[in-house]
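Student: When you number the sequence shown by the numbering used here, it's gap-free, plus one each residue, and the end is 372. For glycine and all other residues, C-beta sits at the position ideal for the given N, C-alpha and C.
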Amino acid sequence: MRIKILFISLLSSLCMYANMASPVNEGTFGTRPFISQYVNILHENLHITIDENFEYADFVVEYNIHAEKSGSQIPLLFYASSYYENFKVTIDGKEVTLARQEDFWNAYGPEKEKLTNFHYLYSADRKEISEIENQFKYGRNDRIYLKDFLYFETDISEGNHIIKVTYKATNWRYNHNRVNEDSFRYALAPAKYWKSFGTLTITVDASNVKDQVSINVGTPKSGDINGVSTYEFDKLPVEVLQISRIPTLSSFAKLLMNIESFWLAMILISFVVLFHIWQMYRFRKKQPKRKFSTPAFIGATMIPFLFIFVLLLATFWIDTSIGEPYASGRESYGAFFEFINLPKYLLYYVVFSIVVDFIFKNIHSKATY
Numbered sequence: 004m005r006i007k008i009l010f011i012s013l014l015s016s017l018c019m020y021a022n023m024a025s026p027v028n029e030g031t032f033g034t035r036p037f038i039s040q041y042v043n044i045l046h047e048n049l050h051i052t053i054d055e056n057f058e059y060a061d062f063v064v065e066y067n068i069h070a071e072k073s074g075s076q077i078p079l080l081f082y083a084s085s086y087y088e089n090f091k092v093t094i095d096g097k098e099v100t101l102a103r104q105e106d107f108w109n110a111y112g113p114e115k116e117k118l119t120n121f122h123y124l125y126s127a128d129r130k131e132i133s134e135i136e137n138q139f140k141y142g143r144n145d146r147i148y149l150k151d152f153l154y155f156e157t158d159i160s161e162g163n164h165i166i167k168v169t170y171k172a173t174n175w176r177y178n179h180n181r182v183n184e185d186s187f188r189y190a191l192a193p194a195k196y197w198k199s200f201g202t203l204t205i206t207v208d209a210s211n212v213k214d215q216v217s218i219n220v221g222t223p224k225s226g227d228i229n230g231v232s233t234y235e236f237d238k239l240p241v242e243v244l245q246i247s248r249i250p251t252l253s254s255f256a257k258l259l260m261n262i263e264s265f266w267l268a269m270i271l272i273s274f275v276v277l278f279h280i281w282q283m284y285r286f287r288k289k290q291p292k293r294k295f296s297t298p299a300f301i302g303a304t305m306i307p308f309l310f311i312f313v314l315l316l317a318t319f320w321i322d323t324s325i326g327e328p329y330a331s332g333r334e335s336y337g338a339f340f341e342f343i344n345l346p347k348y349l350l351y352y353v354v355f356s357i358v359v360d361f362i363f364k365n366i367h368s369k370a371t372y
């Protein structure tokens with residue numbers, strides 16, 4: 004019975020080890036709107052201001068549009084998931100009331116033509132579908148869920164108008180590695196559905212950020228990415244704009260990271276192993292005829308346990324040297340599962356201790372003759 008319980012416990016630990024929590028902490032996923040077939044985007048200004056700790060960013064997006072016809076309609080359809088904060092839209096300086104389409108399909112049909120101008124979002128099986136497949140990826144999937152659309156209906160006149168969107172965004176965090184990878188993301192891919200692209204100006208204000216910042220759209224036309232930088236495009240530069248933080252780490256932290264937890268623990272435990280070898284040598288020098296070596300037995304059983312403990316300390320040491328908010332802590336979390344490898348470490352070190360003790364026993368037995 005005890006053997007069964009032990010087997011089940013080990014199996015559970017292995018399953019837990021293989022299914023650690025998701026490494027992605029999802030933040031706000033900003034995205035360009037889906038536009039009516041009667042609207043053209045002439046120009047888009049995207050202004051992003053990032054806070055000191057790279058936790059939040061204020062997005063201000065301004066669309067210069069041209070409406071091809073007058074009348075009550077929905078010019079833009081926004082994808083705004085639950086991550087948005089303070090999402091606000093104005094048209095020609097006047098704030099509009101936003102609606103969330105919980106049942107997207109009920110707004111489509113011969114008698115409900117609110118969203119027929121967004122025909123490219125629909126398919127022949129629209130009654131069965133609750134999401135849209137996209138070519139771009141964000142987080143861990145590549146779908147936009149229709150229940151997350153926001154829209155407004157307005158009596159818009161033919162001609163040019165300015166639609167302005169503001170919201171506060173939270174960052175994304177990928178903590179699968181030892182150091183957190185933080186970023187802000189904004190999908191440009193919906194522009195592939197637009198009739199015309201127009202032009203795009205991106206301004207990033209990272210002047211308050213303490214760390215280095217990188218962006219995936221190349222070199223700015225003016226300014227510096229660690230200050231206020233401006234980028235201009237007349238075509239889609241990337242499908243998902245990503246602004247990332249480069250953590251500021253000390254030289255000591257980088258050194259420990261290069262060594263890694265396992266080898267750092269091996270270096271530290273080597274001093275204990277050398278002491279153990281010395282004790283085995285002293286014992287055999289005094290008692291070469293004894294069948295069993297007490298130091299060999301004690302060390303063989305204790306040092307594997309001590310190695311795991313030192314490995315945990317090494318992992319915590321590296322994470323501490325990296326510091327907050329950069330250390331993901333995922334390595335420390337995984338280090339506890341090293342107890343699964345204890346039987347292997349015991350086997351290796353028991354064999355090592357037996358071999359070393361045998362060598363010392365032979366050496367000192369011959370010296371006594």
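Buried or exposed: L345, going by 16 or more other Cβ atoms within 10 Å of its Cβ?
Tutor: Exposed, because fewer than 16 other Cβ atoms sit within 10 Å of the Cβ of L345.
Student: Over what stretch of residues does the alpha helix (DSSP H) that includes S75 continue unbroken?
Tutor: Note, S75: premise wrong, no alpha helix (DSSP H); beta strand (DSSP E) at 74–76.
Student: In angstroms, rounded to a whole number, what distance separates the CA positions of Y41 and T318?
Tutor: For Y41 and T318, the distance between alpha carbons rounds to 59 Å.
Student: Per DSSP, what are the beta-bridge partners of R181 in this structure?
Tutor: Partner(s): none; R181 has no beta bridge.
Student: Please name the residue or residues paired with H50 in a DSSP beta bridge.
Tutor: DSSP lists V63, T206 as partners of H50.
Student: Can you tell me whether L244 is helix, strand or coil according to DSSP?
Tutor: Correct three-state label for L244: strand.
Student: Can you give me the start and stop residues for the beta strand (DSSP E) that A172 sits inside?
Tutor: Here the beta strand (DSSP E) through A172 covers 162–173.
Student: Can you grab the Cα-Cα spacing for the pair R188 / V353, in whole Å?
Tutor: If I take the Cα positions, the gap works out to 53 Å.
Student: Note down the Cα distance separating A172 from I246, rounded to an integer number of angstroms.
Tutor: Each residue's alpha carbon lies about 12 Å from the other.
Student: With a cut-off of 8 Å, do at least 3 Cβ pairs link the stretch 44–52 to the stretch 60–79?
Tutor: Touching, yes, given that three or more Cβ pairs across the two stretches are closer than 8 Å.
Student: By a C-beta neighbour count over all protein chains shown, 10 Å radius and 16 as the cutoff for buried, is G96 buried or exposed?
Tutor: The residue is exposed, with fewer than 16 neighbouring Cβ atoms inside 10 Å.
Student: Let me know if Y123 comes out buried or exposed under the rule of 16 or more other beta-carbons within 10 Å of its beta-carbon.
Tutor: Y123 is exposed by the Cβ-count criterion.
Student: Mind reading off the beta-carbon distance from V207 to S186? Whole number of angstroms is fine, and I expect it under 8 Å.
Tutor: Incorrect: roughly 12 Å between the Cβ atoms, too far for contact.
Student: Can you tell me where the alpha helix (DSSP H) holding L309 begins and where it ends?
Tutor: Note, L309: alpha helix (DSSP H), 297–325.
Student: With a cut-off of 8 Å on the beta carbons, I'd call I311 and F278 a contact; round off their distance for me.
Tutor: Between F278 and I311 the Cβ distance is about 18 Å, and since that is not below 8 Å, they are no contact.
Student: With distances taken from CA atoms, which of D322, E47, N67, N365 is nearest H164?
Tutor: Ranking D322, E47, N67, N365 by Cα distance to H164 puts N67 first.
Student: Once DSSP output is grouped into helix, strand and coil, what is the label at D402?
Tutor: Residue 402 lies beyond the stretch modelled for the chain, which goes from 4 to 372, so this question has no answer here.
Student: Put V231 into one of helix, strand or coil per three-state DSSP.
Tutor: Here V231 sits in strand by DSSP.
Student: Leaving aside the five residues before and after A256 along the sequence, list all residues of the same chain whose C-beta is less than 8 Å from its C-beta, in chain order.
Tutor: The residues are I321, S324, I325, G326.
Student: On a Cα-Cα basis, can you pick out the residue from P26, R35, N178, K198 that is closest to V243?
Tutor: It is R35.
Student: Reducing DSSP to helix, strand and coil, say where L277 ends up.
Tutor: Helix, per DSSP.
Student: Rounded to whole angstroms, how far is the Cβ of F363 from the Cβ of M283, which I believe are closer than 8 Å?
Tutor: Going by Cβ atoms, the distance from F363 to M283 rounds to 6 Å, so yes, they are a contact pair.
Student: Under 8 Å by Cβ, that's how I've got I249 and V216 pegged, so tell me the actual separation to the nearest angstrom.
Tutor: Contact holds; Cβ gap of about 7 Å.
Student: Are D360 and S296 close, meaning C-beta to C-beta below 7 Å?
Tutor: The answer is yes: Cβ separation under 7 Å.
Student: Who are the near neighbours of N89 in its chain, counting only those whose CB is closer than 6 Å to its CB and skipping five residues on each side?
Tutor: Cβ neighbours of N89 beyond the five flanking positions: Y170, K171.
Student: For F121, which residues in the same chain have their Cβ closer than 7 Å to its Cβ, ignoring the five residues on either side in sequence?
Tutor: Once the five neighbours on either side are set aside, the close Cβ partners of F121 are F37, S39, L80.
Student: Give a yes or no on whether the C-beta atoms belonging to N28 and R176 are separated by under 7 Å.
Tutor: Cβ distance < 7 Å, so N28 and R176 count as in contact.
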